[in-house]
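Enquirer: Please find one structure pasted underneath; my questions will follow.
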Amino acid sequence: MDYFPLKLIYEIQNRENLSFLELHSPKFKNSDLEELPPMPELEILSISRSNLTYLKHFTKTKYPNLTTIYANHTFISSLDLEDWKDPPPLDKLFLNDTKITDLAWTQNFSKIRRLSIEDNKITDISMLALQKNLVELWLGGTQVNSIEPLLGTNSLNYIGIDGLNIPEQAIKNFQKSMPYVKIVRRSPIF
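My numbering puts the first residue of the sequence shown at 129, with every later residue one more than the last.
Rendered as structure tokens:
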């Protein structure tokens with residue numbers, strides 16, 4: 129699909145009833161997405177493979193039902209609420225292969241149930257222990273070398289740790305303490 133001016137969305141009849149919007153183009157920038165009109169029924173937004181550096185234009189006021197954002201392969205480095213004053217009620221957030229290096233911003237998203245932060249330069253996941261609703265966590269390809277900070281995160285059911293340098297004994301100890309958590313480490317195919 130070729131890039132098109134997002135202001136054309138204003139011409140779509142019943143755009144306020146859209147529940148899913150997919151905008152993938154390396155040509156999309158922050159200024160383009162600021163032009164998007166309010167879409168009160170939008171639930172899922174996929175803006176992967178774009179030149180975005182932040183998400184602050186996706187507000188609860190404009191998108192009150194937005195629960196899922198796919199922003200993989202972007203240039204987003206933080207979701208700090210100093211910039212993002214009115215975030216939507218997200219419960220699924222996919223930020224694989226972005227510029228994120230820390231997780232301090234996660235404290236502002238208490239409803240997150242599914243978080244995918246694979247292929248980022250994250251080393252410390254201790255902030256995720258504060259997530260009382262987190263059910264599924266994908267960490268593959270990060271620089272995390274311990275999942276111990278997640279001990280006691282009672283809602284957690286699944287952790288993906290592909291490519292992480294976590295000793296097998298540490299994984300066994302974790303599973304002994306939290307047997308209901310499925311830890312998945314897929315082996316390389318080749």
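All residues carry an ideal CB built from backbone N, CA and C; glycine is no exception.
Everything numeric in this text was worked out from a predicted model, so none of it was measured.
Determine, for residue 295, whether the minimum Cβ-Cβ distance to residues of chain B falls below 8 angstroms.
Expert: Checking the listed chains, one finds no chain B in this structure; it contains a single protein chain.
Enquirer: Any idea what DSSP makes of residue 143, helix, strand or coil?
Expert: It is helical.
Enquirer: Could you check if residue 235 is buried or exposed, using at least 16 other CB atoms within 10 Å of its CB as the buried criterion?
Expert: It counts as exposed.
Enquirer: My output table needs one value for residue 264: the three-state DSSP class, helix, strand or coil.
Expert: Strand.
Enquirer: Considering just the uninterrupted stretch of the beta strand (DSSP E) at residue 274, what are its terminal residues?
Expert: Where residue 274 is concerned, there is no enclosing beta strand (DSSP E), given that its DSSP letter is neither H nor E.
Enquirer: What would DSSP say about residue 99, mapped onto helix, strand or coil?
Expert: Because the chain is modelled from 129 through 318, residue 99 falls outside the range shown and cannot be assessed.
Enquirer: What number of angstroms, rounded off, separates the C-alpha of residue 202 from the C-alpha of residue 176?
Expert: Their Cα atoms are separated by approximately 6 angstroms.
Enquirer: Nearest to residue 289 by alpha carbon, out of 276, 303, 269?
Expert: Considering only alpha carbons, the answer is 269.
Enquirer: Taking its Cβ as the centre, do 16 or more other Cβ atoms sit within 10 Å of residue 259, making it buried, or is it exposed?
Expert: That one is buried.
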